[in-house]
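Just so we're aligned, residue 21 is where the sequence shown starts under the UniProt record's numbering, counting upward by one.
Don't be surprised by glycine CBs; every beta carbon is placed ideally from N, CA and C.
Keep in mind the model is a prediction, meaning the values are calculated, not measured.
What follows is a single structure, written as structure tokens, with notes after it.
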Amino acid sequence: ARAQYAARRPRSAALHAGALEVLAGGNTRTVIAYEPFPAAMVRGEDCRLWDLDDHAYLDLCGEYTAGLFGHSEPRIHDALHAVLRRGINFASVGPGEEKLARLICGRFPSIERVRFTNSGTEANLMALTAARAFTGRAKIMAFRGGYHGGVLTFPITGASLATLPLPFVMADYNDNDSAAAVARANAADLAVILVEPMQGSGGCIPARPDFLATLRALADETGAVLIFDEVMTSRHSAGGVQARLGITPDMTTLGKYIAGGMSFGAFGGRADIMALFGGKLPHAGTFNNNVLSMAAGGVAMGEIFTAEVAEALYQRGEALRARLNAVGAAAGVPLSFTGIGSMLTAQFRIPAPDRPYVPTPGEEQLRELFFFDMLEAGIYLARRGMVALSLPVADADLDRFVAAVADFAENRAELLR
Ligand code: PMP
């Protein structure tokens, strides 16, 4: 599969060879690098992509959830063009910033006040900073398998990849006893409990509602600040997973699609915590309120991704996951899909896992094969087998994907078993 992939993409191969001469590692995003070289996508229209070698794809990667609106949503393009006509970035406050802040505070139950950043990573770093300053404590409880940014990566086993000198204490995801034990053992110095309501990078593993409720109770018990990282999951309803489950954290971090595909991050929460930014805590950033992100975000959240659209997307994703799981079951192979709503990940085991896990070498091979087989079928998804639906995806596109997965289950049945 790899050889065939490479043979059909000489221009992507040449681009990669050239990039290696000047870009450390050949690219600037770890997640999009894969062997033998990444296919270079050079054009997009709604949910279609074309690569440098002129192959067309259905885009089910959805820019790792940031591409919710597809590549050519006209209302977002219009907003961006209008902003450009007035000029780029003025080192000043502006109405676009207030509008987007108001939209976000109106939607997410935990967010009374919000601030913007350039990325989800920065949003998490700032939320951690705020929570530590607010509590006067140091320690940060995070979960194995969690991902909160390139410098905040927590593998399931082995040493923390968090490349920061912060006192992290690690617990097991979806394990109430582990969370309680770690929180209580560190209670006096625990500033933060940081959790994804669904581990995204960790394989689209949803948190059990009782696990999140346990974390809420543990934060109340210990005085720690509960932070939901909804950078990916905020799309699952108008107010994110917190609104869907009725569990309200003290702070929330956001990112990805919210600025209509422009660079974005945000952190917000209780007014008393966020009041630190009235003078005590600095938070600067040249591009935090850049006019492109603010304008596109205002249109994206104000006009396009309404509560009804969010709910419809969630339901479509739920239906798709059920269909895909039926494919694996019908073929009698260990192929399942985990996730919530419009985000799902292929798993090469049954029953579908409910905790993060280290894939076996065989599962790693199947992941790669699945990715290349889908590319061959003209479907682009995340290398790790994650799908993030975007709004332009049509029912016929989903039918095509389900059929491609059925072909995979049949053609690769022997390897799967
Ligand atoms: N948190 C979560 C849950 C994420 O999935 C990501 C990105 N994949 C981040 C934080 C980091 O966001 P960014 O890539 O914008 O820095």
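> Since Ser-356 sits in a beta bridge, which residues does DSSP pair it with?
Replying inline: Start at 1 with the first residue of the sequence shown, and residue 356 comes out as number 336. As a beta-bridge residue in DSSP terms, Ser-356 pairs with Gln-367.
> Counting only runs that start and end within the region 159 to 192, where is the beta strand (DSSP E) found for 3 or more residues in a row?
Replying inline: Counting only runs of 3 or more residues that sit fully inside the region 159 to 192, the beta strand (DSSP E) segments are 159 to 163, 188 to 191, in chain order.
> CB Asp-209 to CB Lys-159, shorter than 9 Å?
Replying inline: Residue 209 sits at position 189 when you count from the first residue of the sequence shown. Residue 159 sits at position 139 when you count from the first residue of the sequence shown. Contact: yes.
>> Using a 10 Å radius around the Cβ and a threshold of 16 neighbouring Cβ atoms, would you call Pro-92 buried or exposed?
In response: The sequence position of residue 92 within the sequence shown is 72, counting from 1. Just to set this straight, residue 92 is Ser in the shown sequence, not Pro. The residue is exposed, with fewer than 16 neighbouring Cβ atoms inside 10 Å.
> Is the region 144 to 161 in contact with the region 209 to 223, if contact means three or more CB pairs nearer than 8 Å?
Replying inline: Yes, the region 144 to 161 is in contact with the region 209 to 223.
>> Taking the alpha-carbon of Ala-414 as reference, which of Ala-200, Asp-79, Asp-230, Val-42 has the nearest alpha-carbon?
In response: Residue mapping note: residue 414 aligns to position 394 of the sequence shown, counting from 1. Considering only alpha carbons, the answer is Asp-79.
> For Leu-145 versus Gly-169, is the C-beta distance shorter than 9 Å?
Replying inline: Start at 1 with the first residue of the sequence shown, and residue 145 comes out as number 125. Start at 1 with the first residue of the sequence shown, and residue 169 comes out as number 149. Remark: C-beta atoms of Leu-145 and Gly-169 approach each other more closely than 9 Å.
> If you scan the region 185 to 246 from start to end, which runs of the alpha helix (DSSP H) of 4 or more residues do you find wholly inside it?
Replying inline: With a minimum length of 4 residues, the continuous alpha helix (DSSP H) runs that stay inside the region 185 to 246 are 196 to 205, 229 to 242.
> Which class does Asp-417 belong to by DSSP, given the choice of helix, strand or coil?
Replying inline: Residue 417 sits at position 397 when you count from the first residue of the sequence shown. Three-state result, Asp-417: helix.
> Alpha carbon to alpha carbon, how far is Gly-46 from Arg-63?
Replying inline: Taking the first residue of the sequence shown as 1, we reach residue 46 at position 26. Taking the first residue of the sequence shown as 1, we reach residue 63 at position 43. One Cα belongs to Gly-46, the other to Arg-63, and the distance between them is close to 20 Å.
> Okay, do the region 342 to 351 and the region 421 to 429 touch, 3+ Cβ pairs below 8 Å being the bar?
Replying inline: With a cut-off of 8 Å, the region 421 to 429 and the region 342 to 351 count as touching, because enough Cβ pairs lie within range.
> How many whole angstroms separate the CB atoms of Val-202 and Val-189, which I take to be in contact at a CB cut-off of 8 Å?
Replying inline: Within the sequence shown, residue 202 is the residue found at index 182, counting from 1. Within the sequence shown, residue 189 is the residue found at index 169, counting from 1. Contact flag correct, Cβ pair sits at about 5 Å.
>> By DSSP's criteria, Ile-399 is part of a beta bridge. Which residues make up the other side?
In response: Residue numbering aside, residue 399 sits at position 379 when the sequence shown is read from its first letter. The beta-bridge partner set that DSSP reports for Ile-399 consists of Leu-78.
> Is the region 263 to 275 touching the region 113 to 130 in the sense that three or more CB pairs, one from each, lie closer than 8 Å?
Replying inline: The region 113 to 130 is in contact with the region 263 to 275.
> Under a CB-based cut-off of 9 Å, is Pro-373 close to chain B?
Replying inline: Among the protein chains of the structure shown there is no chain B, as only one such chain exists.
>> Is it buried or exposed, Arg-29, if we count other Cβ atoms within 10 angstroms and call 16 or more buried?
In response: Along the sequence shown, read from residue 1 onward, the residue named residue 29 stands at position 9. When all chains shown are included, Arg-29 counts as buried.
> Near Ser-362, what residues of its chain come up, given a Cβ to Cβ distance below 6 Å and the 5 sequence neighbours on each side ignored?
Replying inline: In the sequence shown, counting from the first residue as 1, residue 362 sits at position 342. The beta carbon of Ser-362 sits closer than 6 Å to the beta carbons of Leu-333, Gly-337, Leu-409 from its chain, once the five residues preceding and following it are set aside; these are given in chain order.
> Cα-Cα, which of His-101, Cys-224, His-97 is closest to Pro-376?
Replying inline: The residue you call residue 376 lines up with position 356 of the sequence shown. Out of His-101, Cys-224, His-97, Cys-224 has the C-alpha closest to the C-alpha of Pro-376.
> Just to confirm, are Gly-38 and Asn-309 a CB contact at a threshold of 9 Å?
Replying inline: Start at 1 with the first residue of the sequence shown, and residue 38 comes out as number 18. Start at 1 with the first residue of the sequence shown, and residue 309 comes out as number 289. Not in contact: Gly-38 and Asn-309 (Cβ atoms no closer than 9 Å).
> Just to confirm, are Gly-289 and Thr-272 a CB contact at a threshold of 9 Å?
Replying inline: Along the sequence shown, one-based indexing puts residue 289 at 269. Along the sequence shown, one-based indexing puts residue 272 at 252. Yes, the pair counts as a contact, with Cβ atoms nearer than the cut-off.
> Quick one, which of Ile-360, Gly-352, Arg-204, His-303 has its alpha-carbon nearest Ala-342's?
Replying inline: Stepping through the sequence shown from its first residue, residue 342 is reached at position 322. Taking only the C-alpha atoms, the option nearest Ala-342 is Ile-360.
>> I'd like to confirm something about Tyr-277: is its beta-carbon nearer than 8 Å to some heavy atom of the ligand PMP, or not?
In response: For the purposes of this step, residue 277 is taken as the residue at position 257 of the sequence shown. Remark: the C-beta of Tyr-277 is outside contact range of the ligand PMP, defined as less than 8 Å to any heavy atom.
> With C-beta atoms as the reference, is Gly-220 less than 9 Å away from Thr-253?
Replying inline: By one-based count along the sequence shown, residue 220 stands at place 200. By one-based count along the sequence shown, residue 253 stands at place 233. In this structure, Thr-253 lies closer than 9 Å to Gly-220 by Cβ.
> Shortest alpha-carbon distance to Val-311 belongs to which of Arg-387, Ser-283, Val-353, Ala-59?
Replying inline: The residue you call residue 311 lines up with position 291 of the sequence shown. For Val-311, the nearest C-alpha among the options comes from Ser-283.
> Just the Cα atoms here: how many angstroms apart are Asn-109 and Pro-371?
Replying inline: Within the sequence shown, numbered from 1, the residue matching residue 109 stands at position 89. Within the sequence shown, numbered from 1, the residue matching residue 371 stands at position 351. Spanning the two alpha carbons is a distance of roughly 51 Å.
>> Among the candidates Leu-69, Tyr-84, Arg-22, whose CA atom is the shortest distance from the CA of Pro-56?
In response: The residue you call residue 56 lines up with position 36 of the sequence shown. The candidate whose alpha carbon is nearest that of Pro-56 is Arg-22.
> Taking the DSSP output, what are the residues bridged to Leu-69?
Replying inline: By 1-based counting over the sequence shown, the position of residue 69 is 49. Answer by DSSP bridge pairing, in chain order: Gly-64, Tyr-77.
> Between the C-alpha atoms of Gly-116 and Gly-322, what's the straight-line distance to the nearest angstrom?
Replying inline: Indexing the sequence shown from 1 puts residue 116 at position 96. Indexing the sequence shown from 1 puts residue 322 at position 302. Cα-Cα distance, rounded: 11 Å.
> Cβ-heavy atom distance between Tyr-167 and the ligand PMP below 8 Å?
Replying inline: As a first step, residue 167 must be located in the sequence shown, where it is residue number 147. Set against 8 Å, the gap from the CB of Tyr-167 to the closest heavy atom of the ligand PMP is smaller.
> Can you name the start and end residues of the beta strand (DSSP E) that Met-271 belongs to?
Replying inline: Locating residue 271 in the sequence shown gives position 251, where the first residue counts as 1. Where Met-271 is concerned, the enclosing beta strand (DSSP E) starts and stops at 271 to 275.
>> Does the beta-carbon of Tyr-84, which I'm using as the reference point, lie nearer than 8 Å to any heavy atom of the ligand PMP?
In response: For the purposes of this step, residue 84 is identified with residue 64 of the sequence shown, where counting begins at 1. Within the cutoff, so yes.
> Candidates Ala-402, Leu-386, Thr-177: which alpha carbon is nearest Pro-58's?
Replying inline: Locating residue 58 in the sequence shown gives position 38, counting from the first residue. Distances from the CA of Pro-58 to each of Ala-402, Leu-386, Thr-177 were compared; the closest alpha carbon is that of Ala-402.
>> Just verifying my parser: in three-state terms, what is the DSSP assignment at Ala-350?
In response: Counted from its first residue, the sequence shown places residue 350 at position 330. Three-state result, Ala-350: helix.
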